[in-house]
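What follows is a set of notes on a single structure, which appears directly below.
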Amino acid sequence: VELAVIGGTGAEGRGLTLRLAAAGHRVTIGSREAARGAEVAAGLTTTLASLEAIAERGVIEGKDNASAAASVDVVLVTVPFEGQAEIYRSIKEALRPGAVVLDATSPLATAVGGRPWQVIRPWHGSAAEQARAILGAGPRLVSGFHTIAAKALAAVPDPIESDVLLAGDDDEAKATIGSLVDDIPGLRWIDCGELSAARIAETLTALLVDVNRRYQVRDSGFRVIGREAWGQP
Ligand SMILES: NC(=O)c1ccc[n+]([C@@H]2O[C@H](COP(=O)([O-])OP(=O)(O)OC[C@H]3O[C@@H](n4cnc5c(N)ncnc54)[C@H](OP(=O)(O)O)[C@@H]3O)[C@@H](O)[C@H]2O)c1
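Taking the numbering used here, the leading residue of the sequence shown gets 235, the next gets one more, and so forth.
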């Protein structure tokens with residue numbers, strides 16, 4: 235799959251880029267500065283080349299956010315809540331009709347000077363629903379990856395013992411993101427229902443931040459009991 239990671243220069247975006255390129259996908263990193271996107275892409279390309287036991291290596295390149303979004307049908311957005319609205323306004327016109335857009339934004343209270351183990355409540359109910367309010371009905375929004383730590387993503391090729399909670403109103407779009415999840419060793423995806431379920435899932439990042447803090451780790455996550463037996467939704 236050809237995909238873009240908007241805000242892919244950050245911790246979560248770099249990790250997702252590396253994991254998905256290691257699974258053979260072609261990833262374009264988006265940044266507010268094209269040069270920064272290209273620089274991070276070059277660094278991750280070097281990392282990818284150094285990895286052993288990777289069957290098929292994808293390609294990583296870097297562009298400005300709007301150019302990255304315009305070039306693909308699947309767009310992952312990994313930006314902090316304080317910049318989320320501005321970022322969606324900046325890529326709205328560039329997105330292809332019917333594009334699948336994965337939003338990983340957690341509305342942590344750091345956006346308003348608070349602590350990362352606290353959250354704020356966006357007016358629309360969740361960061362994902364704020365994104366939908368900005369983008370309108372065209373792009374097919376999926377919310378997810380809030381419980382997958384950047385540190386775990388970066389530890390390629392170690393498997394990640396976690397479940398990815400996906401919420402969205404379009405089943406086909408959820409399955410598209412779900413198949414990317416399936417390409418990351420150890421990860422499984424769970425259909426958590428409509429986009430409004432993001433109101434719950436997004437806040438779990440803050441819970442894990444607090445767990446990480448108390449246990450002096452950086453990669454706690456969630457497993458939902460029984461998932462192996464359920465098959466596809
Ligand atoms: N880190 C984790 O372990 C983790 C886990 C679960 C969920 N999340 C969520 O995933 C999202 C990204 O997390 P992250 O740790 O990768 O964040 P980050 O490193 O702070 O930021 C990601 C990228 O977003 C852009 N950005 C930063 N501040 C911005 C602003 N004010 N306005 C617009 N763009 C801005 C930057 O890219 P450019 O400067 O290149 O444009 C930056 O590299 C957050 O919503 C976070 O809550 C993170």
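For every residue, glycine included, the Cβ atom is placed at its ideal position computed from N, Cα and C.
A residue is called buried when at least 16 other Cβ atoms come within 10 angstroms of its Cβ; GLN318 meets this threshold and is buried.
Between LEU250 and VAL239, the C-beta spacing is below 8 Å. Ranked by Cα distance from GLY258, the first of SER284, GLU273, ILE288 and SER454 is ILE288.
VAL335 sits buried, since 16 or more C-beta atoms from the chains shown fall within 10 Å of its C-beta. Placement of the Cβ of ALA275 at a distance of 7 Å or more from every heavy atom of ligand 1 is found.
Rounded to the nearest angstrom, the gap between the Cα atoms of ALA272 and VAL346 is 30 Å. Exposure of SER413 is indicated by the presence of fewer than 16 other C-beta atoms within 10 angstroms of its C-beta.
With the rule of 3 Cβ pairs closer than 8 Å, the segment 260-277 does not count as touching the segment 389-399. In the three-state reduction of the DSSP assignment, SER265 falls in the strand class, which pools E and B. A Cβ-Cβ distance of about 6 Å is found for the pair LEU375 and ALA362, placing them in contact under the 8 Å criterion. Only buried fits THR410, as 16 or more other CB atoms lie within 10 angstroms of its CB. DSSP places SER360 in the coil class of the three-state scheme, outside both helix and strand.
If you draw a straight line from the Cα of VAL309 to the Cα of LEU278, it is about 18 Å long. Taken in chain order, the whole beta strand (DSSP E) runs of length 3 or more contained in the segment 334-391 are 334-337 and 374-377. Assigned with DSSP and collapsed to three states, ILE434 falls in helix. In this structure ALA435 touches HIS380 by the C-beta definition: roughly 5 Å separates them, less than 8 Å. Only residues of its own chain outside the window of five on either side were considered, and among them HIS380, GLU436 and THR439 have a CB closer than 6 Å to the CB of SER340, listed in chain order. Using a cutoff of 7 Å, the CB of ALA384 counts as near ligand 1, since one of the ligand's heavy atoms is closer than that.
Taken through DSSP and simplified to helix, strand or coil, ARG452 comes out as coil.
Relative to the non-hydrogen atoms of ligand 1, the Cβ of VAL313 comes within a distance shorter than 7 Å of at least one.
One thing to note: ALA365 has its Cβ no nearer than 8 Å to the Cβ of ALA328. Taking the Cβ of GLY241 as the reference point, at least one heavy atom of ligand 1 falls within a distance shorter than 7 Å.
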